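To convert, count from 1 in the sequence shown and add 6; that's the working numbering. So the structure is just underneath, and the comments pick up after that.
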Amino acid sequence: MTLQKKLNFGFILLPILLLVAGGWSYYRFNTLSRDVQALLDEDYVSIHAAMTMTRALERMDSAALLFLSGDDSTARAILKAAEPRFAAALDTAGRNRTLPGEGKLIEGIERDIAAFRAALDDFFQAPSPDRYRRSVQPRFEAVMHSIEALRLANADAMYATALSLSESARRAGLPATIFIIAAVLFTLLFAWMTHLYIVAPLRQLLARVRRWRETGRFEPPEIET
(Lines of atoms letter the chains of each structure in order from A and count residues from 1; the text may use other names and numbers.)
(Lines give C-alpha, C1' and ligand atoms only; values in the text may rest on other atoms or scores of the structure.)
Protein backbone atom coordinates (compact mmCIF):
# COMPACT_ATOMS: atom_id res chain seq x y z
CA MET A 1 0.00 0.00 0.00
CA THR A 2 1.41 3.37 -0.96
CA LEU A 3 1.84 6.19 1.53
CA GLN A 4 -0.97 8.17 -0.10
CA LYS A 5 -3.38 5.25 0.26
CA LYS A 6 -2.39 4.77 3.91
CA LEU A 7 -3.04 8.43 4.66
CA ASN A 8 -6.34 8.38 2.78
CA PHE A 9 -7.38 5.27 4.70
CA GLY A 10 -6.54 6.98 7.98
CA PHE A 11 -8.50 10.11 7.13
CA ILE A 12 -11.54 8.01 6.15
CA LEU A 13 -11.52 5.49 9.02
CA LEU A 14 -11.36 8.02 11.85
CA PRO A 15 -14.61 9.88 10.98
CA ILE A 16 -16.29 6.52 10.31
CA LEU A 17 -15.47 5.36 13.85
CA LEU A 18 -16.76 8.63 15.30
CA LEU A 19 -19.94 8.47 13.19
CA VAL A 20 -20.60 4.89 14.30
CA ALA A 21 -20.12 5.88 17.96
CA GLY A 22 -22.40 8.90 17.58
CA GLY A 23 -25.05 6.97 15.66
CA TRP A 24 -25.14 4.16 18.20
CA SER A 25 -25.38 6.63 21.09
CA TYR A 26 -28.24 8.47 19.35
CA TYR A 27 -30.11 5.22 18.70
CA ARG A 28 -29.75 4.00 22.29
CA PHE A 29 -30.72 7.43 23.66
CA ASN A 30 -33.95 7.39 21.67
CA THR A 31 -34.70 3.83 22.80
CA LEU A 32 -34.13 4.69 26.46
CA SER A 33 -36.22 7.86 26.08
CA ARG A 34 -39.16 5.79 24.84
CA ASP A 35 -38.71 3.34 27.72
CA VAL A 36 -38.67 6.16 30.27
CA GLN A 37 -41.79 7.68 28.71
CA ALA A 38 -43.51 4.30 28.89
CA LEU A 39 -42.53 4.11 32.56
CA LEU A 40 -44.16 7.48 33.21
CA ASP A 41 -47.21 6.64 31.11
CA GLU A 42 -47.86 3.38 32.96
CA ASP A 43 -46.73 3.15 36.57
CA TYR A 44 -46.66 6.85 37.46
CA VAL A 45 -50.19 7.38 36.16
CA SER A 46 -51.50 4.84 38.67
CA ILE A 47 -49.34 6.25 41.46
CA HIS A 48 -50.68 9.75 40.81
CA ALA A 49 -54.24 8.41 40.67
CA ALA A 50 -53.72 6.66 44.02
CA MET A 51 -52.44 9.88 45.58
CA THR A 52 -55.44 11.79 44.22
CA MET A 53 -57.83 9.16 45.61
CA THR A 54 -56.13 9.39 49.00
CA ARG A 55 -56.57 13.16 49.17
CA ALA A 56 -60.19 12.95 48.01
CA LEU A 57 -60.95 10.20 50.53
CA GLU A 58 -59.46 12.27 53.34
CA ARG A 59 -61.69 15.18 52.30
CA MET A 60 -64.73 12.89 52.38
CA ASP A 61 -63.78 11.76 55.88
CA SER A 62 -63.33 15.40 56.92
CA ALA A 63 -66.82 16.09 55.62
CA ALA A 64 -68.19 13.39 57.93
CA LEU A 65 -66.42 14.93 60.92
CA LEU A 66 -67.65 18.42 60.02
CA PHE A 67 -71.18 17.08 59.68
CA LEU A 68 -70.82 15.51 63.11
CA SER A 69 -69.78 18.90 64.52
CA GLY A 70 -72.90 20.53 63.08
CA ASP A 71 -71.41 22.33 60.04
CA ASP A 72 -73.81 20.70 57.58
CA SER A 73 -73.40 23.07 54.61
CA THR A 74 -69.58 22.97 54.62
CA ALA A 75 -69.59 19.20 55.03
CA ARG A 76 -71.91 18.67 52.07
CA ALA A 77 -69.91 21.10 49.90
CA ILE A 78 -66.66 19.26 50.66
CA LEU A 79 -68.29 15.90 49.99
CA LYS A 80 -69.76 17.13 46.71
CA ALA A 81 -66.32 18.27 45.52
CA ALA A 82 -64.40 15.23 46.76
CA GLU A 83 -66.60 12.43 45.40
CA PRO A 84 -66.14 13.23 41.66
CA ARG A 85 -62.39 13.70 42.19
CA PHE A 86 -62.17 10.25 43.72
CA ALA A 87 -64.31 8.73 40.96
CA ALA A 88 -62.19 10.33 38.22
CA ALA A 89 -58.95 9.11 39.80
CA LEU A 90 -60.36 5.60 40.23
CA ASP A 91 -61.44 5.59 36.58
CA THR A 92 -57.92 6.64 35.53
CA ALA A 93 -56.38 3.84 37.56
CA GLY A 94 -58.90 1.37 36.17
CA ARG A 95 -57.99 2.26 32.57
CA ASN A 96 -54.29 1.91 33.33
CA ARG A 97 -54.09 -1.72 34.44
CA THR A 98 -50.57 -2.67 33.38
CA LEU A 99 -49.38 -4.94 36.21
CA PRO A 100 -50.26 -8.55 37.02
CA GLY A 101 -52.92 -8.53 39.72
CA GLU A 102 -53.60 -4.80 39.37
CA GLY A 103 -57.15 -5.51 38.27
CA LYS A 104 -57.89 -7.19 41.60
CA LEU A 105 -56.46 -4.19 43.46
CA ILE A 106 -58.77 -1.87 41.51
CA GLU A 107 -61.74 -4.12 42.24
CA GLY A 108 -60.83 -4.03 45.93
CA ILE A 109 -60.88 -0.23 45.91
CA GLU A 110 -64.22 -0.20 44.10
CA ARG A 111 -65.70 -2.60 46.63
CA ASP A 112 -64.34 -0.71 49.65
CA ILE A 113 -65.32 2.75 48.40
CA ALA A 114 -68.87 1.52 47.75
CA ALA A 115 -69.07 0.29 51.35
CA PHE A 116 -67.62 3.58 52.60
CA ARG A 117 -70.16 5.65 50.66
CA ALA A 118 -73.01 3.51 51.95
CA ALA A 119 -71.72 4.04 55.48
CA LEU A 120 -71.52 7.79 54.83
CA ASP A 121 -75.10 7.89 53.57
CA ASP A 122 -76.30 6.13 56.72
CA PHE A 123 -74.16 8.40 58.86
CA PHE A 124 -75.55 11.57 57.26
CA GLN A 125 -79.07 10.32 58.00
CA ALA A 126 -78.32 9.94 61.71
CA PRO A 127 -74.88 11.28 62.68
CA SER A 128 -73.36 10.25 65.97
CA PRO A 129 -69.81 9.69 67.29
CA ASP A 130 -70.58 6.04 67.91
CA ARG A 131 -71.88 5.49 64.37
CA TYR A 132 -68.78 7.19 62.97
CA ARG A 133 -66.43 4.96 65.01
CA ARG A 134 -68.33 1.74 64.29
CA SER A 135 -69.30 2.26 60.64
CA VAL A 136 -67.51 5.14 58.86
CA GLN A 137 -64.00 4.97 60.26
CA PRO A 138 -63.39 1.22 59.67
CA ARG A 139 -64.54 1.53 56.07
CA PHE A 140 -62.45 4.66 55.59
CA GLU A 141 -59.38 2.74 56.77
CA ALA A 142 -60.25 -0.18 54.47
CA VAL A 143 -60.33 2.12 51.43
CA MET A 144 -57.04 3.73 52.48
CA HIS A 145 -55.44 0.30 52.78
CA SER A 146 -56.65 -0.71 49.30
CA ILE A 147 -55.40 2.52 47.75
CA GLU A 148 -52.03 2.13 49.45
CA ALA A 149 -51.72 -1.42 48.09
CA LEU A 150 -52.26 -0.07 44.57
CA ARG A 151 -49.73 2.70 45.07
CA LEU A 152 -47.08 0.37 46.49
CA ALA A 153 -47.54 -2.15 43.67
CA ASN A 154 -46.92 0.52 41.06
CA ALA A 155 -44.10 2.12 43.05
CA ASP A 156 -42.32 -1.24 43.31
CA ALA A 157 -42.81 -1.83 39.59
CA MET A 158 -41.51 1.64 38.78
CA TYR A 159 -38.43 1.07 40.95
CA ALA A 160 -37.72 -2.28 39.30
CA THR A 161 -38.15 -0.77 35.84
CA ALA A 162 -35.92 2.17 36.74
CA LEU A 163 -33.18 -0.23 37.86
CA SER A 164 -33.52 -2.13 34.60
CA LEU A 165 -33.34 1.10 32.58
CA SER A 166 -30.28 2.19 34.54
CA GLU A 167 -28.54 -1.08 33.68
CA SER A 168 -29.64 -0.73 30.05
CA ALA A 169 -28.22 2.80 29.95
CA ARG A 170 -24.92 1.53 31.32
CA ARG A 171 -24.77 -1.25 28.73
CA ALA A 172 -25.84 1.13 25.96
CA GLY A 173 -22.94 3.46 26.71
CA LEU A 174 -20.36 0.66 26.56
CA PRO A 175 -20.24 0.18 22.75
CA ALA A 176 -20.03 3.94 22.18
CA THR A 177 -17.21 4.12 24.72
CA ILE A 178 -15.41 1.30 22.92
CA PHE A 179 -15.76 3.07 19.58
CA ILE A 180 -14.49 6.33 21.07
CA ILE A 181 -11.51 4.57 22.66
CA ALA A 182 -10.84 2.86 19.34
CA ALA A 183 -10.97 6.24 17.60
CA VAL A 184 -8.51 7.70 20.11
CA LEU A 185 -6.16 4.72 19.70
CA PHE A 186 -6.42 4.98 15.95
CA THR A 187 -5.62 8.69 16.16
CA LEU A 188 -2.47 7.85 18.10
CA LEU A 189 -1.62 5.14 15.57
CA PHE A 190 -2.24 7.55 12.73
CA ALA A 191 0.01 10.14 14.37
CA TRP A 192 2.72 7.49 14.74
CA MET A 193 2.36 6.49 11.08
CA THR A 194 2.55 10.14 10.05
CA HIS A 195 5.75 10.49 12.02
CA LEU A 196 7.14 7.23 10.62
CA TYR A 197 6.31 7.84 6.97
CA ILE A 198 6.43 11.64 6.68
CA VAL A 199 8.19 13.40 9.54
CA ALA A 200 11.09 10.95 9.95
CA PRO A 201 11.86 10.72 6.19
CA LEU A 202 11.74 14.51 5.91
CA ARG A 203 14.19 14.80 8.77
CA GLN A 204 16.38 12.23 7.05
CA LEU A 205 16.17 14.22 3.84
CA LEU A 206 17.10 17.46 5.59
CA ALA A 207 20.05 15.79 7.32
CA ARG A 208 21.38 14.40 4.04
CA VAL A 209 20.89 17.73 2.31
CA ARG A 210 22.99 19.36 5.04
CA ARG A 211 25.72 16.74 4.60
CA TRP A 212 25.56 17.23 0.85
CA ARG A 213 26.10 20.96 1.31
CA GLU A 214 28.99 20.28 3.67
CA THR A 215 30.70 17.39 1.81
CA GLY A 216 29.40 17.72 -1.72
CA ARG A 217 28.17 14.12 -1.62
CA PHE A 218 24.43 13.49 -1.88
CA GLU A 219 22.85 10.28 -0.57
CA PRO A 220 19.21 9.91 -1.69
CA PRO A 221 16.98 9.02 1.31
CA GLU A 222 14.65 6.04 1.20
CA ILE A 223 11.17 7.59 1.26
CA GLU A 224 8.01 5.53 0.70
CA THR A 225 5.50 7.23 -1.60
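Quick reminder that beta carbons are idealized off the backbone N, C-alpha and C, glycines included. Bear in mind the structure is a predicted one, so any value in this text is a computation, not a measurement.
| Nearest neighbour of G107, chosen from S52, A159, A62 [CA to CA] | Check the Cα spacing between G107 and each of S52, A159, A62: the tightest is with A159.
| said: Given a cut-off of 8 angstroms on the beta-carbon distance, is the pair A88 and A69 in contact? | reply: Cβ atoms of A88 and A69: closer than 8 angstroms.
| query | Starting from P90 and walking both ways along the alpha helix (DSSP H), at which residues does that stretch end? | reply | It spans 78–100 - the alpha helix (DSSP H) in which P90 sits, taken as one unbroken run.
| query | Taking the Cβ atom as the reference point for each residue, do A99 and S134 lie within a distance shorter than 8 angstroms? | reply | S134 sits away from A99, with the two beta carbons spaced by 8 angstroms or more.
| field | E64 versus G76: straight-line alpha-carbon distance, rounded | value | Those two C-alpha atoms are separated by around 19 angstroms.
| If you count every other CB in all the chains shown that lies within 10 Å of the CB of R61, and 16 or more means buried, which is it? | Within 10 angstroms of the beta-carbon of R61 lie fewer than 16 other beta-carbons, which makes it exposed.
| said: Using 8 angstroms as the threshold, is the C-beta distance between V142 and L126 below it? | reply: Note that the C-beta distance between V142 and L126 is below 8 angstroms.
| field | Span separating the alpha-carbon of I153 from that of I187 | value | Between the alpha carbons of I153 and I187 lies a distance of about 51 angstroms.
| What residue does the alpha helix (DSSP H) around G109 start on, and which one ends it? | That run of the alpha helix (DSSP H) goes 108–131.
| If you count every other CB in all the chains shown that lies within 10 Å of the CB of A163, and 16 or more means buried, which is it? | With 16 or more Cβ atoms within 10 Å of its Cβ, A163 is classed as buried.
| query | Which residue from I22, D49, L25 puts its Cα closest to that of Y165? | reply | Here the closest residue by C-alpha is D49.
| task | Taking S134 as part of the alpha helix (DSSP H), name the residues at either end of that continuous run. | result | S134 -> no alpha helix (DSSP H), and no H or E assigned at all.
| field | R65 (DSSP reduced to helix, strand or coil) | value | DSSP places R65 within a helical segment (H, G or I) once states are collapsed to three.
| Beta-carbon separation of A81 and L156 under 8 angstroms? | It is not a contact, given that the beta carbons lie outside the stated cut-off.
| Contacting residues, own chain, Cβ-Cβ under 6 angstroms from A95 (five flanking each side not counted) | Hits under 6 angstroms: A55, T58, M59.
| said: Using C-beta distances below 7 angstroms, list every residue in its chain close to F73, excluding the 5 sequence neighbours before and after it, in chain order. | reply: Counting only residues of its own chain and dropping the five nearest sequence neighbours on each side, F73 has a CB closer than 7 angstroms to the CB of A81, F130, P133.
| Close beta carbons around A213, own chain, < 8 angstroms, minus the five adjacent residues each side | Excluding residues within five positions, none has a Cβ falling inside 8 angstroms.
| Cut-off 6 angstroms between Cβ atoms - residues of its own chain near R123, not counting five sequence neighbours on either side | Same-chain partners within the cutoff: there are none.
| How would you label I3, buried or exposed, when you count the other beta carbons within 10 angstroms and need 16 or more for buried? | A query on residue 3 cannot be resolved here, the shown segment of the chain reaching from 7 to 231 and no further.
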